[in-house]
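Student: Numbering (the numbering used here), first residue to last: 452 to 587.
1. Using a Cβ distance threshold of 8 angstroms, determine whether the region 535-542 contacts the region 470-486, with at least three qualifying pairs required.
2. Skipping 5 residues on each side, what residues in its chain have a beta carbon closer than 8 angstroms to that of residue 525?
3. Helix, strand or coil for residue 529 per DSSP?
4. When you compare only the Cα positions, how much space is there between residue 457 and residue 495?
5. Can you list, in chain order, the residues of its chain whose CB lies under 8 angstroms from that of residue 551, leaving out five sequence neighbours each side?
6. Does the Cβ-Cβ distance between residue 467 and residue 476 come in under 8 angstroms?
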C-alpha cells in the first residue's frame, strides 16, 4: 500500500510531545516494501516549520530527522512542478481548499497516491477528492 502523509501526521509521528504520537509513533518504524508512505516539499517544509517554531525543536535536530526521511527507502518524495501547481489551483477552486492543502493533495493525486493520512478536518470532510480530467 502507498499512502501520502499530511503535515499533521508526520509531525505526530516524529514528536512524542503530541498526544497522537502514541497511536502514530510506529507508523514510520513499520514501513516496508509493501507499506510505503509518500511526502512532498510542502509537507516536508511545513513539518520543519511546525517542529521548530511551534514545538520548539532545535533547527538542526529537525533538519537531521527530515533529511533522514528523505533517504529512507520506503518513503517516496515527490517534487512539485508547474503541472502540480495547475492541478492544485483547480482543486482549490473545485473543493474550496486552501492553497497548501490543495498543493499537497494535487501532488499526491498527480503521482497516483490513492490515499492521504490526515487529521485535517477540512480534508476529512471531503472524504474523496479527484483530479479534474483536464486542467487548463
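Just so you know, even glycine gets a beta-carbon here, dropped at the ideal spot from N, CA and C.
Tutor: Let me spell this out:
1. no
2. As a working mapping, residue 525 is identified with position 74 in the chain shown. Result list for residue 525: 482, 483, 484, 486, 487, 488, in chain order.
3. One-based indexing of the chain shown puts residue 529 at position 78. DSSP places residue 529 in coil when its eight states are reduced to three.
4. By 1-based counting over the chain shown, the position of residue 457 is 6. By 1-based counting over the chain shown, the position of residue 495 is 44. For residue 457 and residue 495, the distance between alpha carbons rounds to 9 angstroms.
5. Here the question's residue 551 lines up with position 100 in the chain shown. Cβ within range, chain order: 493, 497.
6. Within the chain shown, numbered from 1, the residue matching residue 467 stands at position 16. Within the chain shown, numbered from 1, the residue matching residue 476 stands at position 25. Against a cut-off of 8 angstroms, the Cβ pair of residue 476 and residue 467 comes out as a contact.
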